[in-house]
Amino acid sequence: MKKVWLVAIIAVVVVGALVFLAQRKPVKNEIATALNARLAMTAAEISAAINYGKSRKDDLLVDFEKPWTVFLGYGSDKGSAAIFTPYHCLSLMARNSARDNSDMDTEVLCRLCAENHKDSYFEVTLYGSDDGFDRDYKAALLKDGREIPILKTFHQGYDMAREYTISSRQKLYFPADILQEKGKITLRIVKPKEAPLDFVFDLKNVP
726 MKKVWLVAII AVVVVGALVF LAQRKPVKNE IATALNARLA MTAAEISAAI NYGKSRKDDL
786 LVDFEKPWTV FLGYGSDKGS AAIFTPYHCL SLMARNSARD NSDMDTEVLC RLCAENHKDS
846 YFEVTLYGSD DGFDRDYKAA LLKDGREIPI LKTFHQGYDM AREYTISSRQ KLYFPADILQ
906 EKGKITLRIV KPKEAPLDFV FDLKNVP
């Protein structure tokens, strides 16, 4: 009789444990699915982005970010712009995690990326002759013949650059849905009394 009760108790414990594990797995899957949706990335794309970041952790940042950067050169009529897609954001976080030896797992990296990528943005570097040269510059995004207004600008300061010039760095924020349709978009920097500076991105070729 004791053996029967013992077997019954063990069976109850085993069944309970199996039920508990079965309940936890869908929760984790639901979290992953929700994060995928927020990042607009498939599980395969998330894995590829993280692998890109970790495998190229020792690259110079300028080389690491080439897939997302339009570089027009140095000088007052030139500059560079990098578009921050969810893929770019996630791969950069994976790179930084690998460089710091913090070894964040996929879920943590996805959470951080989703929290920091509520809007789409560009990091732009421009060149001029002195501090404040870009004070009156305006930015706009052109897509399918329409102009998408900027949400906000965050100026990151000035630095000395080559050819006796000053570089200006800023982040330009736009609605996240600009990335939903694959096609060409143009980030235009409008300068008073000068020709505009256009950075053209073909989203079909930008991860």
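Take the position in the sequence shown, starting the count at 1, then add 725; the result is the number in the numbering used here.
For each residue, glycine too, the CB sits at the ideal point set by N, CA and C.
- A direct Cα-Cα distance of roughly 29 Å separates Pro932 from Ser801.
- Within the segment 834 to 916, the runs of beta strand (DSSP E) that reach at least 3 residues and sit entirely inside it are, in chain order, 845 to 853, 863 to 868, 871 to 873, 877 to 886, 890 to 899 and 909 to 915.
- Within the same chain, and ignoring the five residues on either side of Leu928 in sequence, the residues whose Cβ sits closer than 8 Å to its Cβ are Leu904, Glu906, Lys907, Gly908, Lys909 and Ile910.
- Across the set Asp923, Ser772, Ser893 and Tyr898, the C-alpha of Ser772 shows the shortest separation from the C-alpha of Ser816.
- The segment 862 to 878 makes no contact with the segment 823 to 835, as fewer than three CB pairs between them are under 8 Å.
- Inter-segment contact for the segment 834 to 844 and the segment 852 to 863 is absent: fewer than three beta-carbon pairs are separated by less than 8 Å.
- Spatial neighbours of Tyr799 in its own chain (CB-CB distance under 8 Å, excluding positions within 5 residues in sequence) are listed in chain order as Tyr852, Ala886, Arg887, Glu888 and Thr890.
- The alpha helix (DSSP H) runs lying completely inside the segment 755 to 808 and spanning 4 residues or more are 768 to 780 and 786 to 789, given in chain order.
- Contact check between the segment 914 to 922 and the segment 867 to 879: fewer than three CB pairs, one atom from each, fall below 8 Å, which does not count as touching.
- One alpha carbon belongs to His880, the other to Leu785, and they sit about 23 Å apart.
- For Asp923, the closest alpha carbon among the candidates Leu834, Lys791, Met766 and Thr850 is that of Thr850.
- For Asp825, the closest alpha carbon among the candidates Glu770, Gly778 and Thr794 is that of Gly778.
- Secondary structure note for Leu815: its alpha helix (DSSP H) is the uninterrupted segment Pro811 to Arg824.
- The Cβ-Cβ distance between His813 and Ala806 does not fall below 9 Å.
- Within its own chain, the residues whose Cβ lies closer than 7 Å to the Cβ of Pro792, once the five positions on either side in sequence are excluded, are Val931 and Pro932, listed in chain order.
- For Val925, the beta-bridge partners assigned by DSSP are Thr911.
- Residue Arg894 holds the alpha-carbon nearest to the alpha-carbon of Gly857 among Ala769, Arg894 and Ala819.
- Contact between Pro921 and Asp844 fails: their C-beta atoms lie close to 23 Å from each other, not under 8 Å.
- Within its own chain, the residues whose Cβ lies closer than 6 Å to the Cβ of Tyr883, once the five positions on either side in sequence are excluded, are Asp856, Ile891 and Ser893, listed in chain order.
- Excluding sequence positions up to five before and after Met766, its CB lies within less than 6 Å of the CB of Pro811, all in the same chain and listed in chain order.
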